[in-house]
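K.L.:
Here's a structure for you.
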Amino acid sequence: FSFLQERLRYVLGLLLLLHSTDSFYVPGVAPINFHRNDPVEIKAVKLTSSRTQLPYEYYSLPFCQPSKITYKAENLGEVLRGDRIVNTPFQVSMNVEKKCEVLCNFPNKPVTLTVEQSKLIAERIREDYYVHLIADNLPVATRLEFYSNREEEEKKKEKDVQFEHGYRLGFMDNNKFYLHNHLSFILYYHREDVEESQEHTYRVVRFEVIPQSIKLEDLKADEKSTCTLPEAAGSAPQEIDPTKENQLLFTYSVHWEESDIKWASRWDTYLTMSDVQIHWFSIINSVVVVFFLSGILSMIIIRTLRKDIANYNKEDDIEDTMEESGWKLVHGDVFRPPQYPMILSSLLGSGIQLFCMILIVIFVAMLGMLSPSSRGALMTTACFLFMFMGVFGGFFAGRLYRTLKGHRWKKGAFCTATLYPGVVFGICFVLNCFIWGKHSSGAVPFPTMVALLCMWFGISLPLVYLGYYFGFRKQPYDNPVRTNQIPRQIPEQRWYMNKFVGILMAGILPFGAMFIELFFIFSAIWENQFYYLFGFLFLVFIILVVSCSQISIVMVYFQLCAEDYRWWWRTFLVSGGSAFYVLIYAVFYFVNKLDIVEFIPSLLYFGYTALMVLSFWLLTGTIGFYAAYMFVRKIYAAVKID
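Residues in the sequence shown are numbered consecutively from 9, following the working numbering.
Quick look at the structure:
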């Protein structure tokens, strides 16, 4: 009993440790303490639009530039996302107010935009671009206040506050373009507790902006670069006429406010941005439905199998032995190697590689180590993990290839290392050429592309070969029955045993378990939201694995009962059926949720969606295949075969 108490205490301690993970700092994102008057650097990240899906760097538009432009060294994930972090001329000091200041160095001389620049700004405003800035690694947000649909009396009291990422570049009104040329920064600081003799230290905990459009004539600037803002009611917005030169001033003001928000929870504002309430109920609902269905499936299969095996093993019952039926009939053919064993084992090897990578990434992210504050960390980790998981992919592919009576292991290893990554690289390269043509910062630079190729051929390929070598040398999987010399004839199959019908039937359950999570993932990718529900994602991933395995076992059981022993490829294809539903959902999302009208953004959307669907099919197909293979070996080991 005392041992049990000790174990319980240990588990509770572990849970408490996991619960407090938000209070320890991940390397690289430790807090920065500021004293009063210390400079707080404001950097620009990029311009984005969910209508074009093409990010641009900040200075692609004629904003005021500092005397020396310096770009921050970026990790792989940031480069792939299209971030180009650069310094800006905003002068902000900790806890120092600024009423209104002109941004460019010449106060009385306004900025003149050429016709070309005016056209470009007007086009970006029409395409609904947002500007993203950061201060102390916190992204800027625009506060949106609105009244929710409550009763009239309550309306007067309470407003709902939401935040959107970045700020709008400008707005359109009656087919005229207006640029937000005045930014009111509101920064919130948290005063740290220090001893009496020491100077107070501050930490930045929120970064908001109120963008305004103010006409040149209404901004009165003097020699010292200060300006006076007009009364809110009387000012006209700054119009940008794309047909002629435009004159304007870029100005900004800084306001500081004290906040109770601790540094550790400063990201909470950004993570509750999406206007969709998290459907806890729906997610729990899908969990319950999946477990309920899987319970029923397991009971049916186990009961039917027990009856089958008991019947097959009754030696004294002469009637049963006279005519065998069902899955025992095909025992001499069930382990007959399929067509194209090399390609099958290669795809399954890539599936294992993906499975290991996704499992580790979601688990590490769930512990809070890949939070949005460490920009690009998730993507960098995923890339490197995929390369290093090549050793497991190679091992499983090699062992399966040996089991399927394959002999050319070197060719098999090369196929495993290049088939799926080659398709991914090819599609990405073609899409990248289109992005290059648009001069977007989302285009992967040539050196980064060379670096990725070096990682592929320098890390992934040798590791796949290593794994394949050991997998091929290991004993092949032990099949419990011998394969006959002559293949048995397959009877004509019913319509519902068709591959496509199987894919449609098998895909519903796994897709139903995860489609709500899919909505949030799509919002994160295509609408510049932050995705942070990794605990949920882990749960959904486990449910996905369970449901794929069970559906696959049920489908292979029905197939063998129909005396069709060609299950290798079919199981792999049918288990990945939910990928077909993901594709349909992606089309639905494109039509209903996104405003994309141009060709290149549409091409990007469907190109990346194709990659997602392919990867998802490999992942679910691999899970289903291994579950079915274990099941088939189990049931044939349980019956006595003469």
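Glycine is no exception: its CB is placed at the ideal position from the N, C-alpha and C atoms.
Sort out for me which residues DSSP pairs HIS198 with in a bridge.
P.N.:
Position 190 of the sequence shown, counting from 1, holds the residue named residue 198. HIS198 pairs with ARG211.
K.L.:
Once DSSP output is grouped into helix, strand and coil, what is the label at ARG671?
P.N.:
In the structure displayed, the chain extends from 9 to 650; residue 671 sits before or after that span and is not available.
K.L.:
Going by C-alpha to C-alpha distance, which of VAL148, VAL399 and VAL212 sits closest to LEU469?
P.N.:
As a working note, residue 469 is residue 461 in the sequence shown. Nearest of VAL148, VAL399 and VAL212 to LEU469, Cα basis: VAL399.
K.L.:
Where in the stretch 555-588 do unbroken runs of the alpha helix (DSSP H), each at least 4 residues long, occur, reported from the N-terminal end onward?
P.N.:
Here the runs fully enclosed are 576-583.
K.L.:
Give the straight-line distance between the Cα atoms of GLU266 and HIS198, rounded to the nearest whole angstrom.
P.N.:
Residue numbering aside, residue 266 sits at position 258 when the sequence shown is read from its first letter. Residue numbering aside, residue 198 sits at position 190 when the sequence shown is read from its first letter. Approximately 6 Å between the Cα atoms of the pair.
K.L.:
Nearest to GLU500 by CA position, among SER68, LYS232, ASP572 and ASN103, is which residue?
P.N.:
Locating residue 500 in the sequence shown gives position 492, where the first residue counts as 1. The shortest Cα separation from GLU500 among SER68, LYS232, ASP572 and ASN103 belongs to ASP572.
K.L.:
Can you check whether the CB of CYS235 is closer than 8 Å to the CB of LEU227?
P.N.:
If you number the sequence shown from 1, residue 227 lands on position 219. If you number the sequence shown from 1, residue 235 lands on position 227. Their beta carbons are under 8 Å apart, which means LEU227 touches CYS235 by this criterion.
K.L.:
Pairs of beta-carbons, one from the stretch 422-433 and one from the stretch 482-492, closer than 8 Å: are there three or more?
P.N.:
These segments do not touch.
K.L.:
Return the first residue and the last residue of the alpha helix (DSSP H) that TRP534 is part of.
P.N.:
The residue given as residue 534 occupies position 526 in the sequence shown. Element bounds for TRP534: 507-534.
K.L.:
Quick check on the DSSP output: the alpha helix (DSSP H) that includes PHE633 runs from which residue to which?
P.N.:
Walking along the sequence shown from the start, residue 633 turns up at place 625. First-last of the alpha helix (DSSP H) with PHE633: 607-646.
K.L.:
Starting from TRP271, follow the beta strand (DSSP E) in both directions and report where the run begins and ends.
P.N.:
Here residue 271 corresponds to residue number 263 of the sequence shown, with the count starting at 1. No beta strand (DSSP E) contains TRP271, which DSSP labels as neither H nor E.
K.L.:
With distance defined between alpha-carbon atoms, name the residue in ASN254, PRO219 and HIS173 nearest to LYS127.
P.N.:
In the sequence shown, the residue the question calls residue 127 occupies position 119. Comparing Cα-Cα distances from LYS127 to each of ASN254, PRO219 and HIS173, the minimum goes to ASN254.
K.L.:
For the ligand MG, is there a heavy atom less than 7 Å away from the beta-carbon of THR234?
P.N.:
For the ligand MG, the structure offers nothing, since it holds no ligand at all.
K.L.:
By DSSP's criteria, LYS184 is part of a beta bridge. Which residues make up the other side?
P.N.:
On the sequence shown, position 176 is the one that residue 184 refers to. LYS184 pairs with ASP181.
K.L.:
Per DSSP, CYS235 is paired with what?
P.N.:
Here the question's residue 235 lines up with position 227 in the sequence shown. DSSP lists ALA229 as partners of CYS235.
K.L.:
Report the three-state DSSP secondary structure of ASN319 (helix, strand or coil).
P.N.:
To locate residue 319, count along the sequence shown from 1; it is residue 311. ASN319 falls in the helix class under three-state DSSP.
K.L.:
Beta-carbon within less than 6 Å of ASP603's beta-carbon, same chain only, minus the 5 sequence neighbours each way: which residues are those?
P.N.:
Numbered from 1 along the sequence shown, position 595 holds the residue referred to as residue 603. Counting only Cβ-Cβ distances below 6 Å, and skipping sequence neighbours, we find ARG59.
K.L.:
Please report how far the alpha carbon of MET563 lies from the alpha carbon of PHE465, in whole angstroms.
P.N.:
The residue labelled residue 563 in the question sits at position 555 within the sequence shown. The residue labelled residue 465 in the question sits at position 457 within the sequence shown. Roughly 38 Å separates the two Cα atoms.
K.L.:
Taking the beta strand (DSSP E) that GLU109 belongs to, which residues open and close that run?
P.N.:
Position 101 of the sequence shown holds residue 109. Per DSSP, GLU109 belongs to the beta strand (DSSP E) from 106-110.
K.L.:
Which one of THR312, ASN293, GLN246 and VAL213 has the shortest CA to CA distance from ILE269?
P.N.:
Position 261 of the sequence shown, counted from the start, is the residue given in the question as residue 269. That would be VAL213, whose Cα lies nearest to the Cα of ILE269.
K.L.:
Considering just the uninterrupted stretch of the beta strand (DSSP E) at PHE71, what are its terminal residues?
P.N.:
Here residue 71 refers to the residue found at position 63 when the sequence shown is read from its first residue. No beta strand (DSSP E) contains PHE71, which DSSP labels as neither H nor E.
K.L.:
In terms of alpha-carbon separation, which member of PHE299, PRO47 and ASN41 lies closest to CYS556?
P.N.:
In the sequence shown, the residue the question calls residue 556 occupies position 548. Checking every option, the nearest Cα to that of CYS556 belongs to PHE299.
K.L.:
Got a sec? Which residues, its chain only, sit under 7 Å from LEU337 by beta carbon, not counting five neighbours each side?
P.N.:
The count along the sequence shown starts at 1 and reaches residue 337 at position 329. Excluding residues within five positions, the ones whose Cβ falls inside 7 Å are GLU571.
K.L.:
My guess is that PHE566 and GLY629 are in contact by the Cβ rule of under 8 Å, so how many angstroms apart are they, rounded?
P.N.:
Your numbering for residue 566 matches position 558 in the sequence shown. Your numbering for residue 629 matches position 621 in the sequence shown. Contact flag wrong, Cβ pair sits at about 18 Å.
K.L.:
With respect to the alpha helix (DSSP H) encompassing THR251, which residues constitute its N-terminal and C-terminal limits?
P.N.:
Here the question's residue 251 lines up with position 243 in the sequence shown. Looking at the DSSP string, THR251 is not in any alpha helix (DSSP H), and its letter there is neither H nor E.
K.L.:
Any idea what DSSP makes of LEU191, helix, strand or coil?
P.N.:
By 1-based counting over the sequence shown, the position of residue 191 is 183. Reduced to three states, the DSSP call for LEU191 is strand.
K.L.:
Distance check for PHE519 and VAL53, CA to CA, integer angstroms please.
P.N.:
The residue labelled residue 53 in the question sits at position 45 within the sequence shown. The residue labelled residue 519 in the question sits at position 511 within the sequence shown. Cα to Cα, VAL53 sits roughly 35 Å from PHE519.
K.L.:
Return the residue from the list ALA514, CYS569, TYR539 and ILE494 that minimises the CA-CA distance to LEU552.
P.N.:
Locating residue 552 in the sequence shown gives position 544, where the first residue counts as 1. Selected option, being the one with the closest Cα: ALA514.
K.L.:
Could you pull the start and end residues of the beta strand (DSSP E) that LYS51 belongs to?
P.N.:
The residue given as residue 51 occupies position 43 in the sequence shown. Counting along the chain, the beta strand (DSSP E) containing LYS51 begins and ends at 50-56.
K.L.:
Straight-line CA distance for ILE608 to PRO495?
P.N.:
Walking along the sequence shown from the start, residue 608 turns up at place 600. Walking along the sequence shown from the start, residue 495 turns up at place 487. Roughly 51 Å separates the two Cα atoms.
K.L.:
Thinking GLY85 and LEU393 are a contact (beta carbons under 8 Å), I'd like their distance in whole angstroms, please.
P.N.:
Against the sequence shown, residue 85 aligns to sequence position 77. Against the sequence shown, residue 393 aligns to sequence position 385. Actually they are not in contact, since the Cβ atoms of GLY85 and LEU393 sit about 12 Å apart, beyond 8 Å.
K.L.:
State the DSSP-derived secondary structure class of HIS339, mapped to helix, strand or coil.
P.N.:
For the purposes of this step, residue 339 is taken as residue 331 along the sequence shown, with counting starting at 1. Correct three-state label for HIS339: helix.
K.L.:
May I ask you to report which of helix, strand or coil DSSP gives LEU547?
P.N.:
On the sequence shown, position 539 is the one that residue 547 refers to. Helix at LEU547.
K.L.:
State yes or no: is the C-beta of ILE550 within less than 8 Å of the C-beta of TYR539?
P.N.:
For this step, residue 550 is matched to residue 542 along the sequence shown. For this step, residue 539 is matched to residue 531 along the sequence shown. No, Cβ-Cβ distance for ILE550 and TYR539 is not below 8 Å.
K.L.:
Would the beta-carbon of PHE42 fall within 8 Å of that of TYR196?
P.N.:
Here residue 42 corresponds to residue number 34 of the sequence shown, with the count starting at 1. Here residue 196 corresponds to residue number 188 of the sequence shown, with the count starting at 1. The answer is no: Cβ separation not under 8 Å.
K.L.:
Excluding five sequence neighbours on each side, which residues of the same chain lie with their C-beta closer than 7 Å to the C-beta of GLU172?
P.N.:
Walking along the sequence shown from the start, residue 172 turns up at place 164. So the qualifying residues of the chain are ALA149, THR150, LEU152 and MET281.
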